[in-house]
Structure formats: structure tokens, C-alpha cells
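Written below as C-alpha cells is the structure these notes are about.
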């Protein structure tokens, strides 16, 4: 029954997203929500039915824990966002000039090779939407897409998916084929992609080495653009309607909005037909944007159409773990960022191999975090990272 409903729901979502009409998708969604409610009763939970669904993606994750994390995080993110809104915006128009597709591909391949992607155990190809998949640690595939008028799109998707791939390629060989040889959780997996994309790929040190290479490859776009101007541009904060196009600060408002809606749906506190209004109200409240249509609103993600309720929180958890891992790696080797400025991320990868990749699934997320960093998840690392980074970029 679940498979039939998901198949029908996915097709309805795909069609209605193109037609920009939520109304027909909502005929299938209530049935899917009803089945997910039944699933929670079969799986079992202690306090909240949504706990059962989150546990499928992130073992031990509960509404109580997630509410506490987001409740602590969001007001502080909003303070940072308000300061940014009052500051001068970085100039970024040069990122949207014409960039030859072949040159973009070559530059992306060069970068991911430097980061440590093993082309003897994987490959990169093109697809309509970037993703990574692993058949085993010896065959890890990643894909990207190229936008001729957006320098950031392909490059950062390459680095993001490479983060996922490096994790898969670093899983313990001795545990191959066993549960202990698999990745710890989706949140930990996302931490690896977010760490490489944001803490490395969007860092000032990374571009000390790579900006001259980019400027040489794309002289028409970057001629006369100082490295600091480029760095500020790739880290520009802008309230967006689309989750996947958002910056690393506002991204978490997108996640929380979906999390709140899912919780209410599963507990019976929100009807499917009321999703658009609820969605639009929260986007206005948290991000200050008006949602013009359902395509750029509640129909933008595929997750609900294939029943992945409980998945969204893992995206934010990944960012929080990433900040803590990166801080711990830098504490163990205070020259890591200096090395990054010379194009060398070998020691960072080795630290992650030993502390995060090698344990496989021996530990759950919290245990792995403590093993790697000496303490369980502490979101202050993420907040400190944002304050330091954006305080310097926006001068507050």
C-alpha cells in the first residue's frame, strides 16, 4: 500500500510542480500522511509520533532533542541575519557572467582531485540534479550540473558531493559488507559534504590558492576582481525562496519550516490542504519573503512525495556536526588552514579518515561525535563559526 501510494504521490508531485498547483497533489498526500502515521505506531515511539520517523534516518534523534537544538539556534541566527540586513551587500554580479562549460568542468575536476577524490574508485558525471551514490567503497559515483551563467553552481555542488564521496571511500575496508562498515548516519554523512563545501570550499584560505587558478581560467569574468571581493561574493547572504539555493546561514530556516510542518502533519495538528498557507506564513515570519506560488513554495522539494518524513532535520544536524569536526581538526593541527592556503588538504582528510570515516557504524552519531571531538554535539561551534565568518565579511 505504501509503495503504491508513494508511486502515485511522486508522479502527482512531479506533474503538479510543473503546473504550479498544489491542489491536485493534496489528493494523494493525505493518504500518504495517514500511512506514515500508521507506520509510527508500528515502529513505536516514547513521546512524539514523529520520533519514530526521525529515528529511521538519524538513530536516537527525537522531537525533544531537535526542538531544543532549533529553539536555541534560530533566535541567535535571526540576530545575525538582522545585522547582515543592515550591512552593505557584497558585489557578486561577476559570478553570473558567461563561463565556458568545458572550462568549468575541467576546473571542477581539478579541485575534487586535489581534495582527495579517488578516481580509481569512482567517477564524476553530469546529471539534471547533483547527487552521490555508492555501490561500495571501491565504486563511488558523483554527479554535477553546469550553469553557463553561474560560476558557483557547479563548483560548490562538486565539492559538496565530493564530501559525501570521500566519506564512502574512507569507510573501513576490514568491515566491508558488514553493517559496521557502513556510514554512521545521514546527519554524519551530511556533515562531510557541508564541511568540505563550506568550511573548506567557501573559506578564505582555500581561495588564497585557488582564486589565481580560477582567475587565469576565466579572465573575462574575474579580471580586475580582487580575491577579497570574490571571497565575499561567494559567501553573500540572501533570503531565498528555494532551500537548495540558500546560503549556509539562512538554510536552517528552510529546514526548520519543513520540520515544523512535518511534526504537525504526523501528529494530526495540520491538514494537508493547509500546508501552503502554513508554509507561506512561516517564510514571511522567518525569512521576510513573500511566496509567489506553490512551485517556489511547498512543492519545491521531492521528499514528501516519496514519504521521506523525518529526513529534513539531518541537513541541519550535518552542518552542526561539520562545524564541530572542523574545529576539532584545527585544534589537533593548528596549521591546517595555513596548509589549505597552499592547496593542501591532505592532513584534514587524514584526520577525518581516522576520526570520522574509519569507525564506520560502530558508533551512533552522538557517540561518534564524542569519539572524534571529545564531546557530544555542541551547536556553539556552528554559531561561533558563523559569527566569526560573517562578522568579518559584513563588518559587524
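In my numbering, the protein residues as written are 637 to 1032. By construction, the Cβ of each residue, glycine as well, lies at the ideal position given by its N, Cα and C atoms.
Item, Value
"Residue 779: CB within 7 Å of a non-hydrogen atom of the ligand GTP", "Of ligands this structure carries none, so the ligand GTP is not represented either."
"Contacts around residue 838, its chain only, beta-carbon distance under 7 Å, and the 5 residues preceding and following it disregarded", "870, 871"
"For residue 970, three-class secondary structure by DSSP", "coil"
"At least three beta-carbon pairs within less than 8 Å, the stretch 814–821 to the stretch 853–872", "no"
"Own chain partners of residue 1012 with C-beta closer than 6 Å, once the 5 adjacent residues on each side are dropped", "1002, 1005, 1006"
"Cβ-Cβ distance between residue 1026 and residue 720 below 8 Å", "yes"
"Helix, strand or coil at residue 938 according to DSSP, with G and I counted as helix", "coil"
"Buried versus exposed, by CB contacts within 10 Å (16 or more), residue 909", "exposed"
"C-beta contact flag for residue 998 and residue 816 at 8 Å", "yes"
"Whole-angstrom C-beta distance between residue 686 and residue 946, which should lie under 8 Å", "7 Å"
"Ordered list of alpha helix (DSSP H) runs contained in the stretch 850–892, each at least 4 residues", "855–858, 863–870"
"When 795, 692, 640 are compared against residue 832, the one with the closest alpha-carbon", "795"
"C-beta atoms of residue 642 and residue 943 nearer than 8 Å", "yes"
"Reduced DSSP category for residue 650 - H, G, I as helix; E, B as strand; rest coil", "helix"
"Limits of the unbroken alpha helix (DSSP H) element including residue 762", "No alpha helix (DSSP H) contains residue 762, which is instead part of the beta strand (DSSP E) from 758–762."
"Whether residue 688 touches residue 696 by CB criterion (8 Å)", "no"
"Reference residue 662; option with closest CA among 935, 964, 758", "935"
"Within 8 Å, strictly: CB atoms of residue 776 and residue 752", "no"
"Other residues of its chain near residue 793: CB distance less than 8 Å, five sequence neighbours each side excluded", "766, 780, 781"
"Euclidean distance between Cα positions of residue 1017 and residue 684", "28 Å"
"Top-ranked residue by Cα proximity to residue 988, from 979, 735, 959, 1015", "959"
"Cβ distance (whole Å) where residue 693 is taken to contact residue 892 below 8 Å", "With a Cβ gap of about 16 Å, residue 693 and residue 892 do not count as contacting."
"Alpha helix (DSSP H) segment containing residue 742, residue limits", "737–751"
"CB-CB length for residue 745 against residue 842, believed under 8 Å", "Not really, about 17 Å apart at Cβ, beyond 8 Å."
"CB of residue 801 within 8 Å of CB of residue 1032, strictly", "no"
"Whole alpha helix (DSSP H) elements within the stretch 642–719, 4-residue minimum", "658–679, 685–693"
"Buried versus exposed, by CB contacts within 10 Å (16 or more), residue 785", "exposed"
"Residues that residue 772 bridges to, as DSSP identifies them", "775"
"Contact under 8 Å by Cβ, residue 915 with residue 902", "no"
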